[in-house]
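Chains as they are written, first to last, in our numbering: chain A, 1 to 360; chain B, 1001 to 1360. Think of the CB as a built atom: it goes at the ideal place given N, C-alpha and C, for glycine as much as any other residue. These notes concern the structure reproduced below.
There are 2 protein chains.
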Amino acid sequence: MPERVYNFFAGPATLPYDVVKEASKGVVNFSNMGMSIMEVSHRSAQFDSMFCETQKNMLNIMGLSEDEYAVLFLGGGASTQFCAVPFNFLKNGMTADYVVTGGWAKKAVKEAKFFGDVNIAASSEDANFSYIPKKFNLTPGAAYVHTTSNNTLVGTQMKNFPETGDVPMVCDMSSGFLSRKLDFSKFSLIYAGAQKNIGPAGVVAVIIRRSWADQANKEVPTMLSYATHLGKNSLFNTPPALPVYVVGLVMKWILEQGGLEAVETANVKKAGLLYSYMDDSNGFYRGTAEKDSRSLMNVTFRLPSEELEKKFIAEGAENDLIGLKGHRSVGGCRASIYNAMPYEGVEALVEFMKKFKAAN
Amino acid sequence: MPERVYNFFAGPATLPYDVVKEASKGVVNFSNMGMSIMEVSHRSAQFDSMFCETQKNMLNIMGLSEDEYAVLFLGGGASTQFCAVPFNFLKNGMTADYVVTGGWAKKAVKEAKFFGDVNIAASSEDANFSYIPKKFNLTPGAAYVHTTSNNTLVGTQMKNFPETGDVPMVCDMSSGFLSRKLDFSKFSLIYAGAQKNIGPAGVVAVIIRRSWADQANKEVPTMLSYATHLGKNSLFNTPPALPVYVVGLVMKWILEQGGLEAVETANVKKAGLLYSYMDDSNGFYRGTAEKDSRSLMNVTFRLPSEELEKKFIAEGAENDLIGLKGHRSVGGCRASIYNAMPYEGVEALVEFMKKFKAAN
């Protein structure tokens, strides 16, 4: 293996190489303290400074103010948020609206039903989630509306979010977080597992509107209560220090790129190259998502046969293009091209796809 | 600052330097895959191999069999286990016994009360938790008995656990995990935040008796249910990959030391050096824990005045002895001398203590 391959895994996923190299230094000696970021107390001044800077940078990138929003760095992954959101906000006698655009959204619904009534405001399950619904059957006075910004398994992305008026909107942004410009102020709570676009596994970023957090249920176990973490600026207990540190490095990297506008431009260019080639391949590479619902992050496609798909994935790996297998629940192929995937990586993939098509 | 200091932080805490250096390599290129351990899919063969080996090594070190016990690597810290244990095992109409030996045990009680009846089987709060109770008022047929093996804040350690007969025993071993030989088969569930003795923050190890897990409540949110994680060998969702990887390196390090017997011998020697000197200091350094309850991990002590304590902590730091401040809730001084603290570190501390005493 070369020192560095092109990594198309869906998550954990590729990170900016400069971030990887910098993290490796902090793993030995953080902030010139003579100890690793893994060894430093989360109550030390140096850790606190890094932690708060990371929170500030994330809000800056999103165009949100610290007065209005807080950033929490929690453990347990986005899957734990599936349960924390209704535990805190699905109050007795109320209904929560869920827009079901993929397998992860379905899991979120399952947890919400544990706590109260759920209305499926829209679903594309009838077509294997290959499109994003455009009409939403919203409940007046719902506790909240839950959405998913990008669907990793099926390669779709929500372009137009529901207009929820006074009803708070929640969004699972795990696989598309900070990949494009959005009006983030539309959301009252955003959560994102870090391991797609903003860092390593082991931390989930929760961006929460302070005024909504104040209205949460009081009878919630301590660690699942957003109020607990808000009250201690996300340092109620020991945070996942090293994952947060790497998220901090990624936030700096995004700012260095020129923020979300620049990041989105690069992502549009990368996805454009790949989708255009697929569309011009005379059906050899068939995208599985409806064109107007295509994801900038996860490009899902099929080949003429499952045998060819297997061969494609294996030969890709031999050419240092790793992780092209689709999710086991849907099969096929998938190239995840998150923020950190360089344009050259997509070029190399398209070159390989051309050769593979010619040879098969 | 030198490249490496002696780090007496209570957690996150010092790790073996060889582990730190090895981790730094894996952060750039894991298992010769051409990508970081932060970037590799948790569904890849290489990750799976590391993950399972870590589980096996941990059980080996504890002398437990894979048939009887499972190892889970979860997020959310030990604090989340305070709630998960009663959620799963404090059934309707039953009582859970809690032995309250410190601030963390109190927090565990608070969560359990959310789910059912709690009996305080013993408490040393009357004496600021400076000793470990020897008598336990156990409830016949209790759901479980909850204990804490080591109390980080007050520097005590449980030597003799209650005899619970048929009642399952649960233990929060966060701050003393794998620091000494124990009959681990006495416990039905052990949990330990990694950031004291076995790795970085961001992962909690849960060692659970399979037959007890089978008896858990069914109505538990997915991510808080032990059955969920057992059913997928702790890979139901993306695990905190990097923290687990470092835990794996620490397990190898413990085996290289000669296992728990060798680790305990080293810890007894280190703690002996420090406590002996304190006891011979004519009351200048006064240990706060009763002698028969003293911790091998966290050595807590006071100086003649708070002014001297402040000076001691500051001058210690100037001498590259970092993190000697006691927990903010109890004050005073504390030297955490976990497995990874070399004997030379304790020697350096004692030398400094001698000089400081002579000068003040």
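Closest by C-alpha distance to residue i, when choosing among the options
i: Ile-198/A; options: Val-145/A, Tyr-338/A and Glu-307/A; result: Tyr-338/A
i: Met-62/A; options: Ala-359/A, Ala-348/A, Phe-301/A and Asp-183/A; result: Asp-183/A
i: Phe-177/A; options: Ala-216/A, Val-206/A, Ala-127/A and Phe-236/A; result: Val-206/A
i: Ala-127/A; options: Glu-290/A, Thr-54/A, Gly-231/A and Arg-180/A; result: Glu-290/A
i: Thr-54/A; options: Tyr-285/A, Ser-281/A, Trp-253/A and Leu-308/A; result: Trp-253/A
i: Ala-45/A; options: Ser-1123/B, Gly-1323/B, Val-1220/B and Val-1040/B; result: Gly-1323/B
i: Asn-1032/B; options: Asn-282/A, Glu-3/A and Asp-48/A; result: Glu-3/A
i: Asn-233/A; options: Tyr-6/A, His-42/A and Val-5/A; result: His-42/A
i: Glu-1256/B; options: Glu-1347/B, Ala-1084/B, Phe-1009/B and Asp-1018/B; result: Asp-1018/B
i: Leu-1064/B; options: Lys-1186/B, Met-1035/B and Glu-1163/B; result: Lys-1186/B
i: Cys-1268/B; options: Met-1038/B, Tyr-1343/B, Gly-1332/B and Asn-1160/B; result: Sequence check: residue 1268/B is Val here, not Cys. Here the closest residue by C-alpha is Tyr-1343/B.
i: Asn-1151/B; options: Thr-1228/B, Ile-1313/B and His-1327/B; result: His-1327/B
i: Ala-1108/B; options: Tyr-1191/B, Leu-1059/B and Pro-1162/B; result: Tyr-1191/B
i: Gln-215/A; options: Arg-180/A, Gln-81/A and Pro-168/A; result: Pro-168/A
i: Met-1/A; options: Ala-1010/B, Asn-1007/B, Phe-1030/B and Leu-1274/B; result: Phe-1030/B
i: Ala-1348/B; options: Leu-1274/B, Leu-1303/B, Glu-1309/B and Ala-1314/B; result: Leu-1274/B
i: Glu-1163/B; options: Asn-1137/B, Asp-1172/B and Lys-1181/B; result: Asn-1137/B
i: Thr-139/A; options: Pro-133/A, Met-353/A, Asp-166/A and Tyr-131/A; result: Asp-166/A
i: Lys-1113/B; options: Phe-1082/B, Leu-1059/B, Ser-1179/B and Phe-1009/B; result: Phe-1082/B
i: Ala-1084/B; options: Ala-1105/B, Asn-1060/B and Glu-1111/B; result: Glu-1111/B
i: Ile-418/A; options: Arg-302/A, Asn-237/A and Met-173/A; result: In this structure chain A extends from 1 to 360, so residue 418/A is not present and cannot be described.
i: Ser-179/A; options: Val-40/A, Lys-135/A, Tyr-285/A and Ser-336/A; result: Ser-336/A
Three-state secondary structure (DSSP) of residue i
i: Met-1341/B; result: coil
i: Gln-157/A; result: strand
i: Asp-172/A; result: strand
i: Asn-1060/B; result: helix
i: Ala-1227/B; result: helix
i: Val-346/A; result: helix
i: Ile-1254/B; result: helix
i: Asn-1088/B; result: helix
i: Ile-1313/B; result: helix
i: Asn-217/A; result: coil
i: Arg-209/A; result: strand
i: Tyr-69/A; result: strand
i: Asn-128/A; result: coil
i: Val-27/A; result: coil
i: Ala-1013/B; result: coil
i: Glu-306/A; result: helix
i: Lys-181/A; result: coil
i: Thr-265/A; result: helix
i: Met-1033/B; result: coil
i: Phe-356/A; result: helix
i: Val-361/A; result: In the structure displayed, chain A extends from 1 to 360; residue 361/A sits before or after that span and is not available.
i: Leu-1249/B; result: helix
Those residues which DSSP pairs with residue i across a bridge
i: Asp-1117/B; result: Thr-1095/B
i: Gly-1193/B; result: Val-1204/B
i: Leu-1074/B; result: Val-1204/B
i: Ser-336/A; result: Asn-298/A
i: Val-100/A; result: Ser-123/A
i: Gly-1287/B; result: Phe-1301/B
i: Leu-1321/B; result: Tyr-1006/B
i: Asn-1282/B; result: Paired residues: none, contrary to the question.
i: Val-145/A; result: Asp-97/A and Met-169/A
i: Asn-1391/B; result: This structure does not reach residue 1391/B, given that chain B is present from 1001 up to 1360, and the question cannot be answered.
8 Å contact criterion, which residue i and residue j should meet: CB distance rounded
i: Phe-1129/B; j: Thr-1101/B; result: 6 Å
i: Ser-305/A; j: Lys-357/A; result: No, Ser-305/A and Lys-357/A are not in contact; Cβ-Cβ is about 13 Å, not under 8 Å.
i: Gly-1272/B; j: Met-1278/B; result: The pair is not a contact, with the Cβ atoms about 11 Å apart (cut-off 8 Å).
i: Pro-239/A; j: Gly-202/A; result: Between Gly-202/A and Pro-239/A the Cβ distance is about 10 Å, and since that is not below 8 Å, they are no contact.
i: Val-204/A; j: Asn-88/A; result: That belief does not hold up - the Cβ atoms of Val-204/A and Asn-88/A are roughly 15 Å apart, past 8 Å.
Per-residue contacts from residue i into chain E (C-beta, under 7 Å)
i: Cys-1171/B; result: Reference to chain E is not applicable here, since the protein chains of this structure are A and B.
heavy atom of the ligand HEM below 7 Å from residue i C-beta
i: Pro-239/A; result: In terms of ligand content, the structure shown is empty, and the ligand HEM therefore cannot be addressed.
Stretch pair the region 1095-1103 of chain B + the region 1116-1135 of chain B: three plus CB contacts closer than 8 Å: yes
contact_flag[the region 295-303 of chain A, the region 1013-1024 of chain B] where n(CB pairs < 8 Å) is 3 or more: no
Inter-stretch contact (C-beta, 8 Å, three-pair minimum) for the region 103-118 of chain A and the region 1249-1260 of chain B: no
Contact between the region 150-162 of chain A and the region 298-309 of chain A (3+ Cβ pairs under 8 Å): yes
Sufficient close CB pairs (3 or more, under 8 Å) joining the region 1082-1096 of chain B to the region 1134-1149 of chain B: yes
The region 1023-1037 of chain B contacting the region 1218-1226 of chain B, beta-carbon criterion three pairs below 8 Å: no
Contact between the region 73-89 of chain A and the region 235-248 of chain A (3+ Cβ pairs under 8 Å): yes
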